[in-house]
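A.B. asks:
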Amino acid sequence: MTADGVTVEYAVHFARGRHGQRELQPGDPPPETDPDAGTVPRLARLMALAIRFDGLVRRGEVADFAEIAALGHVTRARVSQIVNLLNLAPDIQEAILFHEPVRGERDAVAERQVRAIAA
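See the structure below:
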């Protein structure tokens, strides 16, 4: 309370900031996520990334996959590995993209296992 009897209230919460430090944020905290919901499989994220890379090149937003590698600070070989996922049959791509979330420590299918098939 201030000297003139006025009280000011704000909704605030703590969130993780840069380098894991706690920061005071305005507003209500974001809703809690369900820990049992799981995470998107890594292979599905890589498949989506391959589709995104292909779209960028087709639309001419980047010159080629080498430019994507340079922009992403990865090797051209790694970008090729990711883009090679597009060589899979469309039904396999769909199965990868819509695979159920991972609830354990490891994905059911590793990218390395699919790499030999996709090349």
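To convert, note that position 35 of the sequence shown is 35 in the numbering used here; the numbers rise steadily by one, no gaps.
C-beta atoms are modelled at their ideal positions from N, C-alpha and C, and glycine is treated no differently.
Does the pairing of the segment 19 to 34 with the segment 83 to 96 give three or more beta-carbon distances under 8 Å?
C.D. replies: No, because fewer than three Cβ pairs between the segment 19 to 34 and the segment 83 to 96 fall closer than 8 Å, the two stretches do not touch.
A.B. asks: Given 8 Å as the limit, is there contact between the segment 41 to 55 and the segment 80 to 89, that is, 3 or more CB pairs closer than that?
C.D. replies: With a cut-off of 8 Å, the segment 80 to 89 and the segment 41 to 55 count as touching, because enough Cβ pairs lie within range.
A.B. asks: Can you grab the Cα-Cα spacing for the pair P26 / R18, in whole Å?
C.D. replies: Looking up residue 26 in the sequence shown gives position 26. Looking up residue 18 in the sequence shown gives position 18. Going from the Cα of P26 to the Cα of R18 covers about 17 Å.
A.B. asks: Alpha carbon to alpha carbon, how far is V79 from E9?
C.D. replies: As a first step, residue 79 is located in the sequence shown; it is residue number 79 there, counting from the start. As a first step, residue 9 is located in the sequence shown; it is residue number 9 there, counting from the start. The alpha-carbon atoms of V79 and E9 are separated by roughly 51 Å.
A.B. asks: Ignore the nearest five residues each way along the sequence and tell me which others in L71's own chain have a CB closer than 8 Å to its CB.
C.D. replies: The residue you call residue 71 lines up with position 71 of the sequence shown. Excluding residues within five positions, the ones whose Cβ falls inside 8 Å are V62.
A.B. asks: Given A37, which residues of its chain have a CB within under 7 Å of its CB, disregarding the five upstream and five downstream residues?
C.D. replies: Start at 1 with the first residue of the sequence shown, and residue 37 comes out as number 37. Within the same chain, A37 has close Cβ partners P101.
A.B. asks: Decide if A89 is buried, meaning its Cβ has at least 16 other Cβ atoms within 10 Å, or exposed.
C.D. replies: The sequence position of residue 89 within the sequence shown is 89, counting from 1. The residue in question, A89, is exposed, as its Cβ has fewer than 16 Cβ neighbours within 10 Å.
A.B. asks: Kindly list the residues whose CB is nearer than 6 Å to the CB of H13, restricted to its own chain and excluding five residues on each side of it in sequence; keep chain order.
C.D. replies: Translated into positions along the sequence shown, residue 13 becomes position 13. Once the five neighbours on either side are set aside, the close Cβ partners of H13 are Q25, P29.
A.B. asks: Do R76 and A69 come within 7 Å of each other at the CB atom, strictly closer than that value?
C.D. replies: The residue you call residue 69 lines up with position 69 of the sequence shown. The residue you call residue 76 lines up with position 76 of the sequence shown. Yes. Within cutoff.
A.B. asks: Could you pull out every residue in the same chain whose Cβ sits closer than 7 Å to the Cβ of A50, ignoring the five residues on either side in sequence?
C.D. replies: In the sequence shown, residue 50 corresponds to position 50, counting from 1. I82, V83, L85, L86, listed in sequence order.
A.B. asks: Is the CB-CB distance between E105 and L43 below 7 Å?
C.D. replies: Reading the sequence shown from its first residue, position 105 is the one you call residue 105. Reading the sequence shown from its first residue, position 43 is the one you call residue 43. Not closer than 7 Å, so no.
A.B. asks: Have a look at D107 and R22 and give me their C-alpha separation to the nearest angstrom.
C.D. replies: In the sequence shown, counting from the first residue as 1, residue 107 sits at position 107. In the sequence shown, counting from the first residue as 1, residue 22 sits at position 22. Distance between the alpha carbons of D107 and R22: 31 Å.
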